[in-house]
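A.B. asks: For the sequence shown, our numbering begins at 2 and goes up steadily by one.
Just so it is clear, CB atoms sit at the ideal spot from N, CA and C, and this is done for glycine as well.
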Amino acid sequence: MEQVGKKVIVISLNTVQKCIGATWNCWLNQTPKDFIVKGTADGDLPISIRIRDGNIRGTYHFDCGFADPVYRMPKGELDNLKAWCKINPGFKNGYFTYLGPDYTRHADSVNVSFRNGTYVMFNFHVNIN
Numbered sequence: 002m003e004q005v006g007k008k009v010i011v012i013s014l015n016t017v018q019k020c021i022g023a024t025w026n027c028w029l030n031q032t033p034k035d036f037i038v039k040g041t042a043d044g045d046l047p048i049s050i051r052i053r054d055g056n057i058r059g060t061y062h063f064d065c066g067f068a069d070p071v072y073r074m075p076k077g078e079l080d081n082l083k084a085w086c087k088i089n090p091g092f093k094n095g096y097f098t099y100l101g102p103d104y105t106r107h108a109d110s111v112n113v114s115f116r117n118g119t120y121v122m123f124n125f126h127v128n129i130n
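This is how it looks when you write it as structure tokens:
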């Protein structure tokens, strides 16, 4: 979906993975502030981070993703992103969960999340094209 007056910028799976990894480090350090991932194959990309109440009492979401929805990964890479989630971050307590368009109820986005007993769930939004 294209925003009025803005073109979609297609970014690679490798770039998405790099941005998720950089944001994961912010989650690990509990530094919830916007930042820029520099030096990706698709340029420097702004990341937005917001903390919001979760749906379970006493839990929160570390909601994050590309600061501008024009940045989108091709739908053809979804299976590769899902496979990547099964082996990353390789954290001793588990791996990322891939939540596809059917789960998120948004045909144009997916989520990469990590909860695994934590009180602040990591939830990276990836827009797709």
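#1: Return the first residue and the last residue of the alpha helix (DSSP H) that residue 16 is part of.
#2: Would you kindly check if the distance between the Cβ of residue 75 and the Cβ of residue 130 is under 8 Å?
#3: According to DSSP, which residues form a beta bridge with residue 47?
#4: Given a threshold of 16 other Cβ atoms within 10 Å of its Cβ, counted over all protein chains shown, does residue 111 qualify as buried or as exposed?
#5: Is residue 77 helix, strand or coil by DSSP?
#6: So, at 7 Å on beta carbons, what are the nonlocal neighbours of residue 43 in its own chain, with the 5 sequence-adjacent residues on each side left out?
#7: Between which residues of its own chain and residue 100 is the CB-CB distance below 8 Å, once the five residues before and five after are set aside?
#8: Could you tell me the distance, in whole angstroms, from the CA atom of residue 35 to the CA atom of residue 49?
#9: Excluding the five sequence neighbours on either side, which residues of its own chain have a C-beta within less than 7 Å of the C-beta of residue 69, listed in chain order?
C.D. replies: The answer reads as follows:
#1: Residues 14–30.
#2: The Cβ atoms of residue 130 and residue 75 lie closer than 8 Å to each other.
#3: DSSP, once it has assigned bridges, lists 37 as partnering residue 47.
#4: By the 10 Å Cβ count, residue 111 comes out buried.
#5: Three-state result, residue 77: helix.
#6: In chain order, 12, 13, 16 place their CB closer than 7 Å to the CB of residue 43, counting only its own chain and leaving out the 5 sequence neighbours on each side.
#7: Same-chain partners within the cutoff: 111, 112, 113, 114.
#8: When rounded, the distance between both Cα atoms is 5 Å.
#9: Correct list, in chain order: 47.
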